[in-house]
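Written below as structure tokens is the structure these notes are about.
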Amino acid sequence: MDGVATSLCLDLGLRIGRAIDLLSAVQDFRESIAALLSVLGGQDGVNKSNLRSVFSHDEQATAPRAHLVLQAWAAWRAATLSSISQRLDAAPRIDTRPFSESRLRILSKLARDSRCITKLKPMRVENEVDSENFSCKGGQLNVVSTRFQTRVLTNSNQRIEVESTNGDKVSKFSGKAVLVEGRAAHIALTSSQANFGLAAEGKTETIRVTTVGREGPTRAEVQRANIVRETLQGRCDILAQPFFHALWLAGAGNDPWPKWTKTVSYSDVGLYFPQAKLNGSQRVAVRAILSNADEERVTLVQGPPGTGKTTVIAAAVSSILSSAYDVERTVWVVAQSNVAVKNIAEKLADVDCDFTLLVSKDFHYDWHEHLYEKIMDSVLRSDDLTENIDLIETRMLHSRVVLCTLSMLSNPRLPVITRLVPLQTLMIDEASQVEIGDFVPMLHRFSHSLQKMVFVGDDRQLPPHGANHVSSLQSVFEVTHLRQKAIFLDTQYRMPQQLGSFIGKHVYDDKLKTVHSNGAQCCWFVDVKGTEVAKGRSWINTEEANAAITEAREYYKHGKSYRIITPYDAQRALLESKLKAAKIPWENKVFCVDSFQGNEDDYVVLSVVRTEKIGFLAEVRRVNVMLSRCKRGMVICASRAFVEGAAKASLVGLLAAEIGDSAWD
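The sequence shown runs 623 to 1287 under this note's numbering.
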């Protein structure tokens, strides 16, 4: 019913009063078949298979109209059942009439944006597994995932399709993932023939594994939906909270700003960072982060590539920990990705700041332990969280700084940490990649302790996931009243002068300065006579991949540190396989653009892929990320005819034109 209420507001400008959300009357998880069965009167008289079919397509444009009619009938039928009438009478009503226009539209947008993001989750994912090494016994297929992003997961709403190939013979089976331990996944097959077909030695040469069905909601997504619904039902007061007002309504809310742990003047928490000399804009940013002034309770810092965003965070943390006047203040630093959090942790370790890094078991175990070798003593895995406060306190070594992903803030075990280190000052790195509604669960959960929010990011780099499909999605940097106050870090130190000056001119309106020792040409193009080829929803270019491997071989032979970046995941997989075939170290060498923001290397090889339509190159924010990763030099593999033709107005085309003929090899 919350979806109906918010759609009435956004689409028709209508209000609704005393509406009943049927699923609020049951105790089961709302997304489950059990909840639907409960609201429809239980198992008796309900065809479970038909129920699953009718309600599993409710968010697909291709769902039969009959399913919509049956859903409406089921809602009417549920309201007439005597077995549920008492629970319906007691269920809280949704009433949008008391809300002001602005507040109701904010709630409605939060709900709709969330639904739109859910629709972007793919219905099919090809799981990258070791296709030649697997086993099958007792109707259970055991496979090993080879890539974290496409690993096999357990989910009651999804099924697994398995395709086995032996010569020209292809067999298909289905099943459910019943257990996942790190890379190892165990799939219970439903076909009685599957065990025979897959288990016989020499019977099967390779397998393909595909997950079918949309992934279920995360904890944070469930919490966000619940908060909006309960607010519409009058059971949640998030609209009164000052930080909610500051983000969405351009001012403090009905509740006063929370008091600081100690009443200190602005100058008492001074800037202390002896490890490095900060430039003028960095000092301004750090002082704003340290400020206790109410007008700076929410602080935005825009940091273009290479401007030292992580250094600013480290300087602020170091200053807080070094303050003799406020020895109780705590700091939580979060980011959307585990890699971004790890990068901050390494920076804090370099400047001798004590911290605790919370990492999910799913990300760490059997996948990424190697990423944390330098900071292992500071790592606390999510499955190690226990109610034993003394044990946790010993593990944390009395740290006042905690690092984790934004999703970790929804972990039900987190209170064991927040009792020791309350969430007071919150810094969000790469905040321009976070859809603003994703902060709702955190604001609600930590309203009793949160004192300051700092957003560090860049709205000229990667946008929130899905923003290119859902135009209404925003980060805090797209909110006008917040963006106007953002502090701009104005000097970049990563890119050589040629590239830094180009990015400053074409992306940052000549406001970004470059300080770098290399003033010579740093960027070259390789003219590749290749062709773009569609592969599923992605693209590959085999000739370009070969050219990129040639460049990689030279860097490897001369002991130079490099990475290969491409816009398309299919090309990433092709490049990785070719690195393996060439016997060149391949792990952590090839990346899609979206997974490489915040990272850098001495040399970067780019594979553009497209040769006909501009595709990815039309997205300035993503191309900015792609072009701004190198510290010494960059090679771009692309078709010259394409770059100087269809793509001439893109950043890549402008870069080639600015360098001239000397750019092309």
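The C-beta atom is built at its ideal place from N, Cα and C for all residues, glycine as well.
Residues that residue i bridges to, as DSSP identifies them
i            : result
residue 1027 : 957
residue 748  : 832
residue 1225 : 1184, 1255
residue 656  : Partner(s): none; residue 656 has no beta bridge.
residue 788  : 791
residue 923  : 1078, 1109
residue 1048 : 954, 1075
residue 1213 : 1187
residue 1149 : 1260
residue 1161 : 1156
residue 767  : 751
residue 801  : 808
residue 1135 : 1113
residue 782  : 797, 833
Residue burial classification, residue i (beta-carbon count within 10 angstroms, cutoff 16)
i            : result
residue 1201 : buried
residue 1010 : exposed
residue 1282 : exposed
residue 1080 : buried
residue 628  : buried
residue 1060 : buried
residue 1154 : buried
residue 623  : buried
residue 1142 : exposed
residue 1044 : buried
residue 1089 : buried
residue 887  : Only weak support exists for where residue 887 lies, its pLDDT of 45 falling under 50; the value from the coordinates is given anyway. The residue is exposed, with fewer than 16 neighbouring Cβ atoms inside 10 Å.
residue 1207 : exposed
residue 992  : exposed
residue 1287 : exposed
residue 1051 : buried
residue 742  : exposed
residue 823  : Low per-residue confidence applies at residue 823: pLDDT is 47, beneath 50, and the placement is therefore not dependable enough to give any value.
residue 690  : exposed
residue 1373 : In the structure as shown, the chain begins at 623 and stops at 1287. Residue 1373 is therefore absent and cannot be evaluated.
Test item: CB-CB of residue i and residue j under 8 Å
i            : j            : result
residue 576  : residue 1260 : Nothing can be reported for residue 576: it is not among the residues displayed for the chain, which extend from 623 to 1287.
residue 1026 : residue 956  : yes
residue 1049 : residue 942  : no
residue 766  : residue 806  : yes
residue 891  : residue 945  : yes
residue 1280 : residue 1124 : yes
residue 694  : residue 625  : no
residue 1269 : residue 1239 : yes
residue 783  : residue 747  : no
residue 1186 : residue 1174 : yes
residue 716  : residue 855  : yes
residue 913  : residue 828  : no
residue 1018 : residue 1036 : no
residue 676  : residue 692  : yes
residue 977  : residue 906  : no
Supposed close pair residue i, residue j - CB separation, criterion 8 Å
i            : j            : result
residue 979  : residue 953  : About 13 Å separates the two Cβ atoms, so there is no contact after all.
residue 763  : residue 811  : 6 Å
residue 1244 : residue 1189 : 7 Å
residue 879  : residue 919  : 6 Å
residue 725  : residue 632  : Their Cβ separation, rounded to whole angstroms, is 13 Å, which puts residue 725 and residue 632 out of contact at 8 Å.
residue 655  : residue 674  : 6 Å
residue 846  : residue 940  : Not confirmed; about 34 Å, so no contact.
Where residue i sits in the DSSP three-state scheme
i            : result
residue 740  : helix
residue 796  : strand
residue 1199 : helix
residue 974  : coil
residue 774  : coil
residue 727  : helix
residue 1205 : coil
residue 1144 : coil
residue 1038 : helix
residue 649  : coil
residue 983  : helix
residue 667  : coil
residue 808  : strand
residue 758  : strand
residue 722  : coil
residue 642  : strand
residue 827  : coil
residue 857  : coil
residue 889  : With a pLDDT of only 48 at residue 889, under the threshold of 50, the placement of this residue in the model should not be trusted; the figure read from the coordinates follows. Of the three classes helix, strand and coil, the one that applies to residue 889 here is helix, per DSSP.
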